[in-house]
Amino acid sequence: MEETKKKRGPSLRRYAQLMAAVLYNCNFKGFRESRIFKGDTKGICVPGLNCYSCPGAVGACPLGSLQSGLLSSWTKFPYYVLGTLMLFGIFLGRLVCGFLCPFGFLQELLYMIPTPKIKKNKVTRVLSKLKYVILVAFVIIIPLVKFAPGFCKYICPAGTLEAGIPLVLGNEMLREAIGFIFSWKVFVLCATLLLCIFCFRGFCRFICPLGAIYSFFNPVAFFGFRVDESKCTHCQACVRACRMDVKKVGDTECIQCGECRKKCPEGAIKFRCGKR
Amino acid sequence: MTRFKRILPYLILLASLGLLAVGLWNGGFADVLNKARMICYECIGIG
Chain A
2 MEETKKKRGP
12 SLRRYAQLMA
22 AVLYNCNFKG
32 FRESRIFKGD
42 TKGICVPGLN
52 CYSCPGAVGA
62 CPLGSLQSGL
72 LSSWTKFPYY
82 VLGTLMLFGI
92 FLGRLVCGFL
102 CPFGFLQELL
112 YMIPTPKIKK
122 NKVTRVLSKL
132 KYVILVAFVI
142 IIPLVKFAPG
152 FCKYICPAGT
162 LEAGIPLVLG
172 NEMLREAIGF
182 IFSWKVFVLC
192 ATLLLCIFCF
202 RGFCRFICPL
212 GAIYSFFNPV
222 AFFGFRVDES
232 KCTHCQACVR
242 ACRMDVKKVG
252 DTECIQCGEC
262 RKKCPEGAIK
272 FRCGKR
Chain B
1443 MTRFKRILPY
1453 LILLASLGLL
1463 AVGLWNGGFA
1473 DVLNKARMIC
1483 YECIGIG
């Protein structure tokens, strides 16, 4: 009976994800006119991965802004973007991934397609370190050395989906300018979406450098799920229930989705707001 | 160690607010705004 009740409707987290996706991209006429928003809110970074060249975007992508800032860091260091990322990180950690990222939301929707699923295993645990390599190589080194936003240019499937495809479809001049890199990015997008059908949040777990940044803050963030050690019996039900590559609740891989809380037989997992 | 772990989030919070203040003072907001107001050709796979 309780199980039926649980499956009745979308969770609060789903509504939060939907709200975030709509709020980040509420310039609806941009999609119709194939034009991007140019208002002052574009100077504010949103917490999740959301391309600022998306016709609907009303805020800036923190990862794109960081790379752009690093491109010109020899003359001016991107303190503003770093401060914003640290602020989101210390308050929310990877709660951003679980609740406020439109691309994470899309991946979870794709995972609902009924197909055989790849469960977490030793390989996925190793692959979950890849995002740190991508963070260092494509977000930090390539912008500093090659003067190109490496992640945006060569990898970011969110940029292709939210900005590349809608703008190219609606703008003939852009359509004429597409070449190998666009084809490559469409391939990366298709591969990512396909991966996410079979593997829970494959992009977040293995590739996303924004998740990698927030993961450093996750164990010390003010908001998030934590285990009450006095109640915990170390039965590992939480780790088994989690579809991310976590070793314990609230570690660097935890996206604070709260699935573990439902499975804890002792009720030892609680949401912590601020107070340490 | 436990004490350090306890104050670490507050130190990070202070550092982030400091960085944000310095960033706002040296025109970081305008830099992000100027970049985000234009189509990023790299992001869409053309640049």
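Protein chains in written order, with the working numbering: chain A, 2 to 277; chain B, 1443 to 1489.
Here a beta-carbon is modelled for each residue, glycine too, at the ideal position from N, C-alpha and C.
Model, not experiment: these values are computed from the prediction.
{"Query": "When DSSP labels each residue in this structure, what does Lys-271 of chain A get in the three-state scheme?", "Result": "strand"}
{"Query": "Could you work out which residues of chain B lie near Pro-103 of chain A, taking near to mean beta carbons separated by less than 9 Å?", "Result": "Those do not exist, as Pro-103 of chain A stays about 15 Å from chain B at its closest Cβ, beyond 9 Å."}
{"Query": "I'd like to know if Asp-41 of chain A contacts chain B, where contact means its C-beta is closer than 8 Å to some C-beta of that chain.", "Result": "yes"}
{"Query": "Could you give the first and the last residue of the continuous beta strand (DSSP E) run that contains Arg-227 of chain A?", "Result": "224-228"}
{"Query": "In whole angstroms, what separates the C-alpha of Gln-68 of chain A from that of Glu-267 of chain A?", "Result": "44 Å"}
{"Query": "For the alpha helix (DSSP H) containing Leu-19 of chain A, list its first residue and its last residue.", "Result": "13-25"}
{"Query": "For Pro-48 of chain A, which residues in the same chain have their Cβ closer than 6 Å to its Cβ, ignoring the five residues on either side in sequence?", "Result": "Phe-89, Val-97 and Leu-101"}
{"Query": "In chain order, what residues of the same chain lie with their CB nearer than 6 Å to the CB of Phe-201 of chain A, ignoring the 5 residues before and after it?", "Result": "Tyr-112 and Arg-244"}
{"Query": "What are the boundary residues of the alpha helix (DSSP H) that Ala-192 of chain A is part of?", "Result": "181-199"}
{"Query": "Locate the alpha helix (DSSP H) running through Glu-109 of chain A, then write down its first and last residues.", "Result": "103-112"}
{"Query": "If you draw a straight line from the alpha carbon of Thr-5 of chain A to that of Ala-22 of chain A, how long is it in whole angstroms?", "Result": "With a pLDDT of 45 at Thr-5 of chain A, under the threshold of 50, the modelled position of this residue cannot be trusted, and the question is left open."}
{"Query": "Looking at Tyr-81 of chain A: is its Cβ nearer than 8 Å to the Cβ of Gly-1465 of chain B?", "Result": "yes"}
{"Query": "Which residue wins for smallest C-alpha separation from Ile-37 of chain A, given the options A:Ser-54, A:Leu-24 and A:Leu-50?", "Result": "A:Ser-54"}
{"Query": "For the stretch 160-180 of chain A, list every residue whose C-beta sits within 8 Å of some C-beta in chain B, in sequence order.", "Result": "Gly-160, Thr-161, Ala-164, Gly-165, Leu-168, Val-169, Leu-175, Ala-178, Ile-179 and Gly-180"}
{"Query": "Please return the same chain residues whose Cβ sits closer than 6 Å to the Cβ of Cys-209 of chain A, not counting the five positions on each side in sequence.", "Result": "Lys-132"}
{"Query": "Taking Asp-1473 of chain B as part of the alpha helix (DSSP H), name the residues at either end of that continuous run.", "Result": "1470-1478"}
{"Query": "Among the residues of its own chain, which have a CB less than 7 Å from the CB of Ala-149 of chain A, if the five just before and after it don't count?", "Result": "Ile-143"}
{"Query": "Using the Cα positions of Leu-145 of chain A and Gly-70 of chain A, report the straight-line distance between them to the nearest angstrom.", "Result": "10 Å"}
{"Query": "Could you check which residue in B:Lys-1447, B:Tyr-1452, B:Arg-1445 and B:Arg-1448 has the C-alpha nearest to that of Phe-92 of chain A?", "Result": "B:Tyr-1452"}
{"Query": "Does the Cβ-Cβ distance between Ile-156 of chain A and Val-189 of chain A come in under 8 Å?", "Result": "yes"}
{"Query": "Mind listing the chain A neighbours of Arg-1479 of chain B? Cutoff is C-beta to C-beta under 7 Å, in chain order.", "Result": "Lys-39 and Lys-43"}
{"Query": "In angstroms with no decimal places, state the Cα-to-Cα distance between Gly-151 of chain A and Leu-107 of chain A.", "Result": "23 Å"}
{"Query": "Check the DSSP bridge columns for Cys-285 of chain A and list the partner residues they point to.", "Result": "This structure gives no information on residue 285 of chain A, because the portion of chain A shown stretches from 2 to 277."}
{"Query": "Answer with yes or no whether the minimum CB distance from Ser-129 of chain A to chain B is below 8 Å.", "Result": "no"}
{"Query": "Chain B partners of Cys-236 of chain A, CB-CB under 8 Å?", "Result": "By Cβ distance, chain B contributes nothing, its closest Cβ being about 25 Å from Cys-236 of chain A, past 8 Å."}
{"Query": "Would you call Gln-237 of chain A buried or exposed, if buried means 16 or more other Cβ atoms sit within 10 Å of its Cβ?", "Result": "exposed"}
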